[in-house]
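Shown next, in structure tokens, is the structure this report addresses.
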Amino acid sequence: MGQECPYLDIELDLSFPLLVQIAVNPDFTILDETDEYIVVDKPAPLQVHPSKPSDCRTLWHGLRDLLAYELANGGQISIINRLDRETSGVVLVAKNRTAARLFGIAMQERRIHKTYLAVVHGWPSWEEYDLEAPILRQGEVMETRIWVKQCVHRDGTPCQTRFRVLRRVNHPDIGPISLVEASPITGRMHQIRVHLAHLQHSIVGDKIYGRDENAYLEFIEKGWSDALKRTQFTPTHALHSNVLSHATIRKNWAADLPETLRDLLRSV
Numbered sequence: 001m002g003q004e005c006p007y008l009d010i011e012l013d014l015s016f017p018l019l020v021q022i023a024v025n026p027d028f029t030i031l032d033e034t035d036e037y038i039v040v041d042k043p044a045p046l047q048v049h050p051s052k053p054s055d056c057r058t059l060w061h062g063l064r065d066l067l068a069y070e071l072a073n074g075g076q077i078s079i080i081n082r083l084d085r086e087t088s089g090v091v092l093v094a095k096n097r098t099a100a101r102l103f104g105i106a107m108q109e110r111r112i113h114k115t116y117l118a119v120v121h122g123w124p125s126w127e128e129y130d131l132e133a134p135i136l137r138q139g140e141v142m143e144t145r146i147w148v149k150q151c152v153h154r155d156g157t158p159c160q161t162r163f164r165v166l167r168r169v170n171h172p173d174i175g176p177i178s179l180v181e182a183s184p185i186t187g188r189m190h191q192i193r194v195h196l197a198h199l200q201h202s203i204v205g206d207k208i209y210g211r212d213e214n215a216y217l218e219f220i221e222k223g224w225s226d227a228l229k230r231t232q233f234t235p236t237h238a239l240h241s242n243v244l245s246h247a248t249i250r251k252n253w254a255a256d257l258p259e260t261l262r263d264l265l266r267s268v
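Residue 1 is where the sequence shown starts when you use the UniProt record's numbering, and the numbers rise one by one after that.
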């Protein structure tokens with residue numbers, strides 16, 4: 001399914017070093033499929049939707065190619081649960097307008113449940129934690145260098161996430177880390193990442209909500225580097241959409257933890 005981005009007819013100024021980007025992984029796995037929907041395991045890093053016509057390969061492009069027959073016969077692609085570019089795991093996609101509408105209603109009525117796995121810094125003092133903390137865009141209440149960054153603030157939109165510690169590991173390079181299960185009750189932008197950072201257990205490799213947001217700014221300016229590898233440990237943040245369940249149709253879809261995240265949890 002891989003496809004190179006089209007070349008642009010421009011001249012490059014080679015007096016400046018080219019950014020070392022993290023290679024896009026376009027090869028998703030089909031977990032389930034019917035006439036109404038398809039469920040896939042999205043790898044990381046892979047953007048869900050193109051943000052502009054000249055963008056590189058995205059999940060949407062792969063689905064468009066895979067479902068060419070359905071699209072030619074009146075179908076449409078509607079991605080129900082969108083994941084961040086660096087988040088891997090289960091994605092539900094409706095194949096037609098009717099299915100998209102029904103899935104959308106189910107999401108609003110909270111009949112579709114999501115469970116994530118995250119590798120976080122530190123060993124939480126709790127085994128389970130139910131966090132209710134409102135979230136808004138940080139730039140609405142303070143100056144910020146990262147426009148998309150969210151934060152916990154009393155004036156934000158109500159948000160709730162339930163956490164459970166599954167495993168604690170002492171990593172030889174990172175130090176104490178934990179595998180945490182996260183079940184978002186609400187669905188706000190970056191909710192799990194923001195809530196874990198608020199609890200002082202940011203996700204390993206999270207350039208925006210990690211211990212130093214300069215990592216994100218450095219990545220945007222210079223690309224992936226050995227210096228970033230020493231502080232981030234992994235090129236993509238360690239967050240995975242593990243299970244998606246639909247109460248009405250009694251379906252549960254699961255995607256195994258990627259090898260890159262399993263490697264983090266192997267103590268030496």
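Even for Gly, the Cβ is constructed at its ideal location relative to N, Cα and C.
If we ignore side chains and look at the alpha-carbon of each, how far apart do residue 33 and residue 99 end up? When rounded, the separation of the alpha-carbon atoms in residue 33 and residue 99 is 13 Å.
Alpha-carbon to alpha-carbon, residue 63 and residue 10: Any reading at residue 10 must be qualified, since the residue scores a pLDDT of 31, below 50, and its modelled position is unreliable; the value itself is stated next. When rounded, the distance between both Cα atoms is 30 Å.
Between which two residues does the alpha helix (DSSP H) containing residue 62 stretch? From DSSP, the alpha helix (DSSP H) with residue 62 extends over 59-66.
What number of angstroms, rounded off, separates the C-alpha of residue 45 from the C-alpha of residue 180? Approximately 21 Å, taken between the alpha carbons.
Measure the Cβ-Cβ separation of residue 118 and residue 177 and say whether it is below 7 Å. The answer is no: Cβ separation not under 7 Å.
Element boundaries [beta strand (DSSP E), containing residue 163]: 160-171 is the span of the beta strand (DSSP E), which, as asked, contains residue 163.
Residue range of the alpha helix (DSSP H) that residue 181 falls in? That residue, residue 181, is in no alpha helix (DSSP H); its beta strand (DSSP E) goes 175-184.
6 Å Cβ shell around residue 183 - same chain, five flanking residues per side excluded: So the qualifying residues of the chain are 115 and 162.
Shortest alpha-carbon distance to residue 113 belongs to which of 200, 80, 42 and 86? When only C-alpha atoms are compared, the closest one is 80.
Is the CB-CB distance between residue 120 and residue 42 below 7 Å? Not a contact, by the Cβ cut-off of 7 Å.
Extent of the continuous alpha helix (DSSP H) to which residue 262 belongs: Note, residue 262: alpha helix (DSSP H), 259-264.
May I ask you to list the residues that DSSP assigns as paired with residue 116? Answer is 182 and 241.
Contacts around residue 166, its chain only, beta-carbon distance under 7 Å, and the 5 residues preceding and following it disregarded: Cβ contact annotation for residue 166 (same chain, cutoff 7 Å, sequence separation greater than five): 179, 180 and 181, in chain order.
Where does residue 191 land, buried or exposed, given buried means 16+ other C-beta within 10 angstroms? By the neighbour-count definition (other C-beta atoms within 10 Å, threshold 16), residue 191 is a buried residue.
Output the distance between the C-alpha atoms of residue 151 and residue 213, rounded to the nearest integer angstrom. Distance between the alpha carbons of residue 151 and residue 213: 13 Å.
Check the C-beta distance from residue 67 over to residue 75 and give it rounded, since I have them as a contact under 8 Å. That belief holds up - the Cβ atoms of residue 67 and residue 75 are roughly 6 Å apart, short of 8 Å.
Backbone CA spacing between residue 222 and residue 259 [nearest angstrom]: Linking residue 222 to residue 259 through their CA atoms gives a straight-line distance of about 27 Å.
Can you check which of these residues, 158, 146, 59 and 198, is closest to residue 215 by C-alpha distance? For the residues 158, 146, 59 and 198, the minimum Cα distance to residue 215 belongs to 146.
If distances are taken between C-alpha atoms only, which option among 149, 140, 78 and 255 comes closest to residue 197? Considering only alpha carbons, the answer is 149.
Among the candidates 48, 37 and 209, whose CA atom is the shortest distance from the CA of residue 28? When only C-alpha atoms are compared, the closest one is 48.
Go through the stretch 73-154 residue by residue and report every complete run of the beta strand (DSSP E) that reaches 3 residues or more, in order. Scanning the stretch 73-154 for uninterrupted beta strand (DSSP E) segments of 3 residues or longer gives 88-94, 112-121, 128-132, 135-137 and 150-152, listed from N- to C-terminal end.
Span of the beta strand (DSSP E) holding residue 30? Judged by DSSP secondary structure, residue 30 falls within the beta strand (DSSP E) whose first and last residues are 29-33.
Would you call residue 97 buried or exposed, if buried means 16 or more other Cβ atoms sit within 10 Å of its Cβ? So residue 97 ends up on the exposed side.
Can you find the residues in the same chain that come closer than 7 Å, C-beta to C-beta, to residue 133, ignoring five residues on each side of it along the sequence? The answer, listed in chain order, is 152, 159, 195 and 198.
Quick one: what does DSSP say residue 209 is sitting in, helix, strand or coil? In this structure, residue 209 counts as coil in the three-state DSSP scheme.
Excluding the 5 residues preceding and the 5 following residue 141 in the sequence, name in chain order all residues of the same chain whose CB lies nearer than 8 Å to its CB. Only 151, 153 and 155 meet the Cβ criterion.
Rounding to the nearest angstrom, what Cα-Cα distance links residue 211 and residue 72 in this structure? If I take the Cα positions, the gap works out to 48 Å.
Nearest-angstrom Cα separation, counted from residue 102 out to residue 250: When rounded, the distance between both Cα atoms is 14 Å.
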